[in-house]
Structure formats: C-alpha cells, structure tokens
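Colleague: So the protein lines, in turn, are chains G and R.
So for the first sequence, this note's numbering puts the first residue at 6; every next one is plus one.
So for the second sequence, this note's numbering puts the first residue at 4; every next one is plus one.
Ideal Cβ positions, reconstructed from N, Cα and C, are used throughout, including at glycine.
Sharing a structure below in structure tokens format, with a few things to ask.
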Amino acid sequence: MQILRKTNLKALEKAKKLGAKKVIDILKKKNLTGRGGAAFPTGKKWEFTLNAKSDTKYVICNANEGEPGTFKDRFIIKNNPETLIEGILIAAYVIKAKQAFIYLRGEYDNLRNLLQKTINKVVKKSGVDIKIISGAGAYVCGEETAIIQSIEGQRGHPQYKPPYPAVDGLFGKPTIINNIETLTNVPQAILFNDWDPNLRLMSLSGNIANPGIYELPVGYKLTDLIKKAKPKNKVKAIYFGCFGGCMPYSKIELTPDSICGKNCIIGSYTIIVVDEKQSILDTALSIAHFYCHESCGKCTPCREGTIRVCHLLEKIKSGKATKQDLEILEDLAMNIHETSLCGLGQTSTNHLLTALEFFRKEFEEKLR
Amino acid sequence: MKIILNGKNIKCKEGKTILDICKEHNIKIPTLCFIEGLKPEARCRLCLVELDNKLVTSCSTYPYEGCKIITDSKRIRKARSINAELLMAGHVKTLSVDEMENDLYKVIRDLGMTRIRFEPIIKYKQDLSESIIRDDNKCINCGKCIRVCGEIMGVHAISFQGRGHYEHVSPYNNHPLNNVACIKCGQCIAACPVGAIYEREHLFEVIQALKNKKKHVVVQTAPSVRVALGEEFGMPPGSLVTGKMVAALRKIGFDRIFDTDLGADMTIMEEASEFVKRLKKNGPFPMITTCCPAWIKFMEHFYHNLFPNMSSCKSPHEMLGILTKTYYAKKFGIKKKDIVVVSVMPCTAKKFESTRPEIDSDVDYVLTTRELSKLIRYSKVDFKKLKDEEFDNPLGISTGAGLMFGATGGVMEAALRTTYEFATGKTLKKVEFNEIRGIEGVKKGTIKIKGKTIRFAAVHGGSNIRKLLKEKDKYHFIEIMACPGGCIGGGGQPWPTTKEVIKKRMEAIYKADRNLPLRKSHENPAVKQIYAEFLGKPLSKKAKKILHTHFVKRSEF
Ligand code: SF4
Ligand code: SF4
Ligand code: SF4
Ligand code: FES
C-alpha cells in the first residue's frame with residue numbers, strides 16, 4: 006500500500022533543501038488534494054497560509070474521525086505514524102509555524118501513547134512543538150472551524166466561513182488544517198517519483214466477510230470492490246458513509262468518483278454495505294439517531310430538526326404514520342440539508358433523501 | 004461592486020452583508036438571532052435568501068461581484084417557514100409576554116403560516132431569581148441573551164449548556180441565576196425575542212395593596228420612565244408623558260405620587276458634598292457613583308479593589324423611599340407601617356436592590372416601565388386621552404438635574420453643577436456639559452475647580468466599564484451605569500430598546516432639562532425644606548444614617 010510507505014525524514018530534508026515555494030509547487034504539480042471529502046488542492050491551501058502576513062502561524066492535524074464506518078485514521082496512526090508526523094513537520098516548515106496540534110478523536114485515546122512516542126522520536130530538534138489534543142467525542146468537531154474553537158477552549162461550535170482558517174484560523178492566526186490521510190501523503194508525494202495521486206483509502210464495512218481498509222485508484226469499479234469484500238447476502242444498497250447518502254446496488258456500475266449524484270457524495274470513501282436482509286428504514290433510523298446525538302445544537306434546523314426526523318421515522322416504523330407524515334419528513338429533510346449552518350447538519354439528511362428517492366416503497370409500506 | 008438584487012441592478016459597497024444591503028433598500032427580512040453591531044452567529048436560519056440559487060443566511064453572507072440575490076420566493080418562504088415552525092414547536096406559549104412583542108409570532112404572521120405540524124416538547128424548568136425569571140420552555144436558543152450578557156455587559160453569567168437538542172441557556176453547571184455573578188441588569192430580557200426571560204413581577208402585590216383600604220400607597224417614578232412609557236401606548240419614542248403618567252397613576256388609585264427626580268436631587272446633595280470633602284482630603288480618587296444597583300453588583304463581584312472609591316449614597320429611589328417613610332410620614336402623621344412605597348423603574352436590578360439586607364429597603368415593590376403599562380391597561384385607563392396632571396407635594400418637586408439621571412452622563416452633569424458651586428461658592432454660568440452627553444461608550448471631560456483640574460468621565464455598558472476601569476486612576480470622578488445608554492436603556496423599558504430609540508429618549512430628557520426653571524439640585528425648594536426641617540445639612544449624622552449604605556464582597560462566579 007502506498008500509504009504505508011515510510012519516508013524516514015528524507016522528505017523533510019528534501020523539502021528544506023527546496024524551500025517553501027518549491028514544496029508547494031510540487032504538491033500542486035503532483036495534484037495532491039484534501040482527503041477529507043472536499044478535495045481541495047493541498048498546495049493551494051498551503052499557499053494561502055504561506056502568503057498570509059503574520060508572525061505566528063499554526064498547523065492542525067484533524068484526527069477527529071467520527072463518521073461511523075470510517076477507520077482510516079486509526080489505520081494510518083497504527084501503521085505509519087512516522088510519516089504522518091513528518092507531514093506535519095513539513096507543513097510547519099513551509100509556513101514557518103512553531104506550534105502544531107493533532108486534534109485526536111476522544112475515542113482514540115488508546116492511540117495517543119503511540120502518537121506521543123512517535124512525536125518524541127521524530128520531532129526532536131526540529132523546533133516545532135506538536136501537541137495532542139483530545140476531542141470530547143463530538144463528531145461536529147471534525148468541522149475545521151469547530152476544531153479551532155475547541156482548541157481555543159471554547160465550545161466546539163462550527164463558525165460560518167469566510168473567514169477561512171487559512172488566513173484567519175486558530176487564535177485569529179493563519180492556520181493549515183489537514184486530515185491525517187492528506188498529511189501522510191505529503192512526504193510521500195514529495196519524496197517518491199512514482200507516487201500516485203489517484204490512490205485512495207476506502208473503509209469497507211457492513212455485513213461482509215472482508216471488512217477493512219482498501220487502497221484503490223479512483224475509477225476502480227465499485228462492483229469489483231464489493232465482490233472483493235465478499236458480501237454475505239445479496240447486496241441491496243451501498244451507503245457512502247453516513248453523510249454520503251445511499252445508492253441501490255443495481256445502479257452501481259459506475260466508478261466511485263462519478264457517483265456524486267444528487268444528495269449523494271462519495272466523500273471520504275466510506276462504504277457501508279446493506280443487504281437484502283436489512284431494512285432501509287432501520288438503517289435510516291439508526292443514522293438519524295447518530296446525527297441527533299451529534300448535532301452541536303447551534304442552528305435551528307439541525308438542533309430542532311434532527312430530533313424531529315427521529316420522531317417521524319419512529320412513527321413510521323411503528324405503523325402509526327400517515328402519508329402526510331412522510332411528506333413532512335421529506336420537507337424537513339430537505340430543509341435541514343439546505344439551511345443548516347455547517348457540514349454536519351447539511352449532510353445529515355443525505356441518507357434519508359436518497360433513501361426516499363430509491364427505496365420509497367420501504368417507507369410507504371409502513372404507512373397507515 | 005455590482006449585484007442583482009431581486010432582478011434590479013444595484014451598486015453596493017464592499018464589506019456589507021446581504022442583510023445590510025437589504026436594509027438599505029428597505030427590504031424586510033426576518034431575523035431572530037442577529038444583534039446590531041455584534042458579529043452574527045447565524046443560528047436561527049430565518050434570514051434566508053437565495054444567492055445564485057443557493058439558500059444562504061443573509062446576516063452572515065457577503066455578496067460578490069455580479070451575484071444574483073433573491074429575497075422572496077416560494078422556496079425561501081418554505082425554508083423560513085419550516086425553521087420558524089421548528090422553533091415554534093419548541094416554544095411554549097404563556098402569558099408573560101404580549102403576543103405583539105413576540106418576534107417569533109411576528110415572523111410567523113408575516114410568513115402567513117397557519118399550522119405547526121410538530122408536537123410541542125417540554126424541556127427544562129424555570130429559573131426563578133430575585134429579579135430575573137428564565138423559562139426554558141419558551142426559549143428558542145437564539146443566543147441573544149448570552150451574547151448581550153457577555154459581549155455588551157461583560158458579565159458572562161449565562162452560556163449554552165448541553166449539546167444538540169439538549170442545548171439550553173443556563174449559568175455554568177446549571178446553577179440558578181441567583182447563585183452566580185448575574186448583575187440583574189435585565190439586558191437579557193430586553194434582548195430576548197420571545198419573552199423567555201422576564202422580570203419577576205410585583206404587579207399582583209401592588210394591586211392587592213391598592214385594594215387594601217388601610218394602606219397608604221405611595222408611588223414614585225424614575226426620570227427615565229416618563230420618556231419611554233408613551234411607547235407602550237403607540238406613541239413615538241422620545242415622547243415626554245410626565246403629565247399623563249401622573250394622571251394615570253392617580254386614576255389607578257395611588258394615594259400619593261412622588262417624583263424620584265427629587266430623590267436624585269437628594270443624591271446629588273450628598274454625593275457632591277462627599278466629593279467636595281474628598282477634594283479637601285485629596286482622595287480617595289476617583290470617586291465613583293452608586294445610583295445603579297446593577298453596577299454595584301458588578302463591582303461587588305468583579306472589582307473588590309474599588310470599595311474605597313465608591314460613594315456611599317443609596318440610589319435615588321431608595322432615598323426617596325426612606326424619606327417617604329420618615330420625613331413624610333412624620334409630617335403628615337401617617338404610621339410608617341401603613342405606608343406602602345412602590346417604585347416605577349426602568350430597571351430590574353432595583354427589584355434585587357430592594358431585597359438587599361445592607362439597605363433594609365423602604366421600597367416595598369418595584370415595577371418596571373413595562374409592568375406599569377400593564378397596570379394601566381389592567382385598570383382600563385385610556386392613556387392617550389388623559390389630561391396632564393402634577394406630582395404631589397411635598398416630594399414631587401424636582402429639577403432638570405434630577406431628571407438627567409435617566410441618561411448616561413446625566414448624573415455626572417448634575418453632580419458637576421452642584422459640586423462646582425459647593426466647592427467654589429460661585430455660580431456656575433454654563434450649566435451644560437456637552438462633552439458628557441450622547442451614547443458613546445466612554446465620555447470624558449475636565450473642569451477647573453479652585454485652580455485644580457478635575458477630570459471626570461461617564462461610562463455605560465458593562466464591557467465599556469471594564470475598559471474604563473483599566474485607566475481609572477486618571478480620573479477624579481466617574482459616573483457608571485450598567486445599561487447601555489443609562490437608565491433610558493434599562494432592562495425594564497418598553498420593547499424594543501434600540502440605539503435609535505435610546506437616542507430619542509435621551510433627546511427628550513435633555514430637552515426637558517432645558518425647559519425647566521430649576522436646573523441645579525441644590526436650588527430645589529423641596530430639597531432645601533427637607534434639610535431645614537429634617538436632616539440638617541448634607542452628610543449630617545442623620546443624613547448619613549438614612550441616605551447612605553455600604554457594600555459587600557461577592558464571588559466572581
Ligand atoms: S448544522 Fe448542526 S452541528 Fe452544524 S452548526 Fe447547526 S446545529 Fe451545529
Ligand atoms: S440580568 Fe444582566 S447579568 Fe444577569 S444574566 Fe441577564 S444580562 Fe446577564
Ligand atoms: S432566552 Fe431568549 S434570548 Fe436567550 S436564547 Fe432563549 S430565546 Fe434567545
Ligand atoms: S438572523 Fe441570520 S441566522 Fe438568525
């Protein structure tokens with residue numbers, strides 16, 4: 006796997022020889038993009054921060070992976086922490102940051118020691134201090150601005166953008182925020198000529214024989230991937246994580262990248278397989294509960310809406326709902342999607358909107 | 004920058020939000036969480052508009068060159084309606100707030116909504132404190148109270164607790180407001196769009212007292228009530244309704260109607276004398292005023308080092324309260340225990356003040372301006388049609404100086420008018436101190452008294468207070484008012500109290516001062532009489548005993 010290749014501080018050495026500008030050029034030329042879901046070119050992002058005038062700048066590594074069915078961060082920290090830390094050091098070198106943070110998901114506390122050990126080993130005399138900060142288990146703190154708020158010691162609430170963290174981030178200073186997969190790719194992209202920008206990590210889970218992390222090129226046929234995973238029953242639907250929405254298996258002849266249809270995003274390459282024996286309504290309900298629990302409470306549609314989604318789904322499940330309830334549910338889901346403040350709220354009903362599009366029958370069957 | 008607003012080509016300046024631009028073009032957009040002058044939080048999601056076919060919140064979004072903005076469409080209405088519906092479902096109606104004053108109802112009416120499709124959810128309990136009551140079941144989590152309390156008042160008594168649907172407003176650790184450093188200013192009440200925070204009403208008790216034939220019920224009204232009360236009856240902000248207010252109170256059945264302005268004049272007599280004494284003794288400076296009980300509490304929580312700087316005067320209505328129960332009672336042969344003193348104040352902190360053991364208050368009940376308007380309506384008095392009437396003697400005569408207590412800077416101006424003459428024995432020719440008027444946060448000036456330059460300042464709004472106190476040693480005399488604008492912007496005033504409204508009320512006060520024959524507290528004949536017949540002179544033993552008080556240390560949390 007490309008992601009496991011170690012760079013042994015050679016990439017940092019090379020970066021220092023080349024200088025900040027050239028490093029950014031390489032990242033741009035090699036076409037490294039953010040692996041968090043937004044796929045923003047990493048070189049460009051760094052350039053903003055490099056050009057922002059300030060004597061203090063920060064690097065933040067987003068390790069607040071909280072999406073059910075995603076475990077790529079855990080995989081990288083366990084298997085290639087040195088290269089990750091090297092990526093952070095390169096980012097710090099490029100923007101001349103003295104302080105970096107790793108915002109680690111609260112539930113990953115067991116990985117903290119491993120990370121700390123690696124930091125102690127690798128960082129040594131680099132003049133950069135890397136602090137590990139434990140999130141309080143809030144999924145919303147995967148949102149860049151919420152991470153910043155949380156590190157600043159405030160409630161982890163997302164802020165609307167602009168300003169973007171690249172120029173006005175942590176403590177109001179220009180800040181690079183990247184996730185683990187992106188930062189681990191940085192040294193590899195700098196050092197290896199055969200580094201492939203198309204490879205992605207995918208987390209596979211569900212009722213399958215071979216769950217786990219797969220590294221595959223963009224464009225790899227999803228059907229082939231599912232075959233590799235060996236589903237235990239006939240596959241009914243694929244969920245692209247919780248926020249990505251779902252697709253009937255019958256419609257998936259396409260490659261992962263082109264499935265970004267309406268209300269459906271492939272995002273962080275998290276794939277959950279749902280088979281014929283499982284009910285879409287139950288899946289919807291458990292995802293709805295997840296979002297209701299994770300909403301930070303800041304904005305109306307997400308705070309008040311996610312709980313109503315749960316109520317309505319429960320009502321449908323209990324067989325007491327009417328056609329009108331289903332209409333309300335659909336209106337509500339669309340509204341939460343369109344008017345929430347941050348990505349969490351905005352994507353929290355993708356699963357429902359797509360389920361209502363493709364598996365409406367399963368909902369209607371239960372109506373009074 | 005050129006943009007297309009509702010199909011029209013429009014030029015606009017950069018750095019303005021879509022909401023700003025819409026306001027300039029008289030386009031109404033519903034907002035529930037936006038506070039003028041503070042960074043938007045964009046929580047309520049009601050100010051939605053379409054920006055190039057995307058729904059965005061106008062309070063927090065900036066337009067860009069050539070963009071197309073639509074402020075009303077079926078899609079926008081639907082989205083706004085659902086969010087309003089969600090809020091409404093979590094908002095339990097009670098009678099504490101007039102429907103007319105509830106911004107959420109207004110939004111719902113404007114959207115033409117007819118139904119709420121979600122069942123109500125009962126959330127938390129009420130928080131009942133001395134002057135402020137919070138009702139979580141009405142709260143729509145707009146966060147305005149929190150931001151006003153923190154960013155404008157500099158108190159940070161409340162914040163959001165809990166996550167997601169459990170998010171609710173509360174002091175830290177869900178303590179009741181009574182147990183934390185809340186200064187009872189009531190600015191959170193003024194900020195709340197749905198009446199989820201309101202004053203502890205004393206209306207019921209007052210009505211009972213009025214019905215009790217044995218009781219002699221005396222009412223007094225603060226300077227800032229008369230410039231605001233009219234708003235409750237549809238008059239424009241800045242209407243001076245002193246005569247009508249007195250007439251209404253008489254109709255309601257109060258036995259005597261006195262003027263807190265006289266209490267203010269008394270305060271000036273004592274305070275100016277205190278200052279002259281400090282001038283002679285050369286300190287301690289700065290001397291700081293004490294007529295605002297919210298400021299007192301602020302100091303008691305956060306500024307323990309200021310105890311020697313504080314004047315020891317009671318607030319004007321407390322002075323008038325005790326004079327009513329001593330001087331007036333004696334003079335007219337009424338038993339103290341039969342007298343009930345009701346103060347009508349722009350202020351919720353005065354409700355708390357009347358429970359302070361340090362004062363052992365002679366004011367029995369405090370009504371806010373809003374409560375008075377309720378009482379007037381309850382008594383079926385047609386306010387607008389009333390003929391002007393006068394305050395009662397002997398505690399109803401007052402001066403322009405006393406009246407100015409209502410506006411920020413007014414206490415200082417009144418104090419200077421008297422201090423100068425007390426200290427120098429000369430007449431002050433130019434009685435107006437314009438440098439200390441207006442709604443700027445911190446105002447300062449100097450005056451020469453006996454060759455010495457006296458530096459004075461007036462400050463209002465908690466966070467301004469914190470700013471000024473950092474450089475307090477530069478001054479000799481500081482007036483501090485907790486509420487923005489002073490008492491005219493108090494937490495008990497009619498809704499809404501915006502900057503514009505405050506300006507209007509302020510103009511009314513200064514205009515009235517200009518037109519009054521007496522403009523210096525020590526020229527008030529009633530004041531002279533009280534000292535001659537009862538107290539001797541300012542700071543006499545008796546005056547010290549009844550008109551002064553002391554303060555206590557409170558925790559910072
Ligand atoms: S969308 Fe949800 S998580 Fe995001 S700000 Fe709103 S309430 Fe918070
Ligand atoms: S009364 Fe004043 S101090 Fe107390 S919570 Fe309200 S705004 Fe804050
Ligand atoms: S109490 Fe009122 S002002 Fe405070 S958050 Fe609730 S609705 Fe908003
Ligand atoms: S006013 Fe814009 S979101 Fe509340």
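1. Is the Cβ of H298 (chain G) closer than 9 Å to any Cβ of chain R?
2. Can you name the start and end residues of the alpha helix (DSSP H) that N190 (chain G) belongs to?
3. State yes or no: is the C-beta of C486 (chain R) nearer than 8 Å to some heavy atom of ligand 3?
4. If you measure from the beta carbon of V197 (chain R) to each beta carbon in chain G, is any gap under 9 Å?
5. Residue range of the beta strand (DSSP E) that Y201 (chain R) falls in?
6. Is the Cβ of S76 (chain R) closer than 9 Å to any Cβ of chain G?
7. Rounded to whole angstroms, what is the Cα-Cα separation between A297 (chain R) and M348 (chain R)?
8. Are the C-beta atoms of L23 (chain G) and some chain R residue less than 9 Å apart?
9. Run the CB neighbour count on R40 (chain G), radius 10 Å, all protein chains shown included, and call it buried at 16 or more, exposed below.
10. Which complete alpha helix (DSSP H) runs does the region 390-471 of chain R hold, if anything under 4 residues is left out?
11. Using the Cβ count rule (16 or more neighbours within 10 Å means buried), how would you classify K267 (chain G)?
12. Let's test the definition: count the other Cβ atoms within 10 Å of the Cβ of T112 (chain R) and tell me whether it reaches 16, buried, or not, exposed.
13. Measuring alpha carbon to alpha carbon, tell me which residue in G:F176, G:F76, G:E148 is nearest A105 (chain G).
14. Based on Cα-Cα distance, which residue from R:N285, R:R420, R:R203 lies nearest to K429 (chain R)?
15. For the region 234-282 of chain R, which segments carrying the alpha helix (DSSP H) assignment without a break, of at least 4 residues, lie completely within its bounds, in sequence order?
16. Spatial neighbours of T327 (chain G) within its chain, please: CB distance less than 7 Å, with the 5 preceding and 5 following residues excluded, ordered by chain position.
17. Name the DSSP beta bridge partners of G211 (chain G), please?
18. In whole angstroms, give me the CA-to-CA distance for C148 (chain R) and N437 (chain R).
19. Could you have a look at Y306 (chain R) and say whether DSSP puts it in helix, strand or coil?
20. From what residue to what residue does the alpha helix (DSSP H) around Q496 (chain R) run?
21. Using a Cβ cut-off of 9 Å (strictly closer), state whether K328 (chain G) contacts chain R.
22. From what residue to what residue does the alpha helix (DSSP H) around E343 (chain G) run?
23. What three-state label does DSSP hand A160 (chain R) in the structure shown?
24. For G492 (chain R) and C486 (chain R), I'd like the C-alpha separation in whole angstroms.
25. Residues of chain G with a CB under 8 Å from the CB of G165 (chain R): which are they?
26. Can you give the Cα-Cα distance for D336 (chain G) and C307 (chain G), rounded to whole angstroms?
27. Less than 8 Å between the CB atoms is what I'm expecting for T411 (chain R) and A461 (chain R), so what's the real figure, rounded?
28. Between the region 239-259 of chain G and the region 284-296 of chain G, do at least 3 Cβ pairs fall closer than 8 Å?
29. Give a yes or no on whether the minimum CB-CB distance between Y165 (chain G) and chain R is below 9 Å.
30. Could you check how far apart the C-beta atoms of H551 (chain R) and C191 (chain R) are, in whole angstroms? I think they sit under 8 Å.
31. Is any heavy atom of ligand 2 found at a distance shorter than 8 Å from the C-beta of M302 (chain R)?
32. Residues in the region 21-50 of chain R with C-beta within 7 Å of chain G's C-beta atoms, listed in sequence order?
33. Under 9 Å, do Y296 (chain G) and V314 (chain G) count as touching if we go by C-beta distance?
34. Run down chain G in chain order and give the residues with a C-beta less than 7 Å from the C-beta of G153 (chain R).
35. Which of the three DSSP states, helix, strand or coil, is assigned to L370 (chain R)?
36. Give the residues of chain R in contact with R160 (chain G), contact being defined as C-beta atoms less than 7 Å apart.
Modeller: Put simply:
1. Start at 1 with the first residue of the first sequence, and residue 298 (chain G) comes out as number 293. So yes, H298 (chain G) belongs to the interface.
2. Here residue 190 (chain G) refers to the residue found at position 185 when the first sequence is read from its first residue. According to the DSSP assignment, N190 (chain G) belongs to the alpha helix (DSSP H) that extends over 185-196.
3. Position 483 of the second sequence, counting from 1, holds the residue named residue 486 (chain R). Placement of the Cβ of C486 (chain R) at a distance of 8 Å or more from every heavy atom of ligand 3 is found.
4. Numbered from 1 along the second sequence, position 194 holds the residue referred to as residue 197 (chain R). No, V197 (chain R) does not count as interfacial toward chain G.
5. The residue you call residue 201 (chain R) lines up with position 198 of the second sequence. The continuous beta strand (DSSP E) containing Y201 (chain R) extends over residues 200-202.
6. Translated into the one-based positions of the second sequence, residue 76 (chain R) becomes position 73. Contact with chain G is absent for S76 (chain R), since none of that chain's Cβ atoms lies less than 9 Å from the residue's Cβ.
7. As a first step, residue 297 (chain R) must be located in the second sequence, where it is residue number 294. As a first step, residue 348 (chain R) must be located in the second sequence, where it is residue number 345. Taken atom to atom, the span from the alpha-carbon of A297 (chain R) to that of M348 (chain R) is near 13 Å.
8. Taking the first sequence and counting its residues from 1, one reaches residue 23 (chain G) at position 18. For L23 (chain G), the answer is no, since every Cβ of chain R falls outside 9 Å of its Cβ.
9. Your numbering for residue 40 (chain G) matches position 35 in the first sequence. By the neighbour-count rule (16 or more Cβ atoms within 10 Å), R40 (chain G) is buried.
10. Complete alpha helix (DSSP H) runs here, min 4: 403-406, 413-427.
11. As a working mapping, residue 267 (chain G) is identified with position 262 in the first sequence. Residue placement at K267 (chain G) is poorly supported in this model, since its pLDDT is 49, which falls under 50; the coordinates still yield a value, given next. By the 10 Å Cβ count, K267 (chain G) comes out exposed.
12. Position 109 of the second sequence holds residue 112 (chain R). Inspection of the sequence shows that residue 112 (chain R) is occupied by Arg rather than by Thr. Of the other Cβ atoms in all chains shown, fewer than 16 fall within 10 Å of the Cβ of R112 (chain R); this residue is therefore exposed.
13. Counted from its first residue, the first sequence places residue 105 (chain G) at position 100. Comparing Cα positions, the closest option is G:F176.
14. In the second sequence, the residue the question calls residue 429 (chain R) occupies position 426. K429 (chain R) has its Cα closest to that of R:R420, out of R:N285, R:R420, R:R203.
15. Taking only runs of at least 4 residues, the alpha helix (DSSP H) segments lying wholly in the region 234-282 of chain R are 245-255.
16. Numbered from 1 along the first sequence, position 322 holds the residue referred to as residue 327 (chain G). For T327 (chain G), the CB contacts under 7 Å within the same chain, skipping 5 residues up- and downstream, are L372, R373 in chain order.
17. Indexing the first sequence from 1 puts residue 211 (chain G) at position 206. BP columns for G211 (chain G) point to G:V278.
18. On the second sequence, residue 148 (chain R) is found 145 positions in, with the first residue counted as 1. On the second sequence, residue 437 (chain R) is found 434 positions in, with the first residue counted as 1. Cα to Cα, C148 (chain R) sits roughly 32 Å from N437 (chain R).
19. Locating residue 306 (chain R) in the second sequence gives position 303, where the first residue counts as 1. DSSP places Y306 (chain R) in coil when its eight states are reduced to three.
20. In the second sequence, the residue the question calls residue 496 (chain R) occupies position 493. Counted as a single uninterrupted DSSP element, the stretch harbouring Q496 (chain R) is not any alpha helix (DSSP H), since DSSP gives it neither H nor E.
21. Walking along the first sequence from the start, residue 328 (chain G) turns up at place 323. Chain R places no beta carbon closer than 9 Å to that of K328 (chain G), leaving this residue out of the contacts.
22. Within the first sequence, numbered from 1, the residue matching residue 343 (chain G) stands at position 338. It spans 328-344 - the alpha helix (DSSP H) in which E343 (chain G) sits, taken as one unbroken run.
23. Within the second sequence, the letter at position 157 stands for residue 160 (chain R). Here DSSP, grouped into helix, strand and coil, assigns A160 (chain R) to coil.
24. Here residue 492 (chain R) refers to the residue found at position 489 when the second sequence is read from its first residue. Here residue 486 (chain R) refers to the residue found at position 483 when the second sequence is read from its first residue. Answer to the nearest angstrom: the Cα atoms are 6 Å apart.
25. As a working mapping, residue 165 (chain R) is identified with position 162 in the second sequence. Going along chain G in sequence order, the residues near G165 (chain R) (Cβ under 8 Å) are G302.
26. For the purposes of this step, residue 336 (chain G) is identified with residue 331 of the first sequence, where counting begins at 1. For the purposes of this step, residue 307 (chain G) is identified with residue 302 of the first sequence, where counting begins at 1. So the two alpha carbons sit approximately 14 Å from each other.
27. Residue 411 (chain R) sits at position 408 when you count from the first residue of the second sequence. Residue 461 (chain R) sits at position 458 when you count from the first residue of the second sequence. Contact between T411 (chain R) and A461 (chain R) holds, since their C-beta atoms are separated by about 6 Å, short of 8 Å.
28. Yes, the region 239-259 of chain G touches the region 284-296 of chain G.
29. In the first sequence, counting from the first residue as 1, residue 165 (chain G) sits at position 160. Closer than 9 Å: yes.
30. Reading the second sequence from its first residue, position 548 is the one you call residue 551 (chain R). Reading the second sequence from its first residue, position 188 is the one you call residue 191 (chain R). So it is not a contact: roughly 31 Å between Cβ atoms.
31. Translated into the one-based positions of the second sequence, residue 302 (chain R) becomes position 299. For ligand 2, not one heavy atom lies less than 8 Å from the Cβ of M302 (chain R).
32. Those residues of the region 21-50 of chain R that come within reach of chain G (Cβ to Cβ, closer than 7 Å) are A45, R46, C47, R48.
33. Numbered from its first residue, the first sequence carries residue 296 (chain G) at position 291. Numbered from its first residue, the first sequence carries residue 314 (chain G) at position 309. By the CB criterion at 9 Å, Y296 (chain G) and V314 (chain G) fall inside the cutoff.
34. On the second sequence, position 150 is the one that residue 153 (chain R) refers to. Residues of chain G passing the Cβ test: none, with the nearest at roughly 12 Å.
35. Your numbering for residue 370 (chain R) matches position 367 in the second sequence. Judged by DSSP in its simplified three-state form, L370 (chain R) adopts strand.
36. Counting from 1 along the first sequence, the entry for residue 160 (chain G) is found at position 155. The contacting residues are F163.
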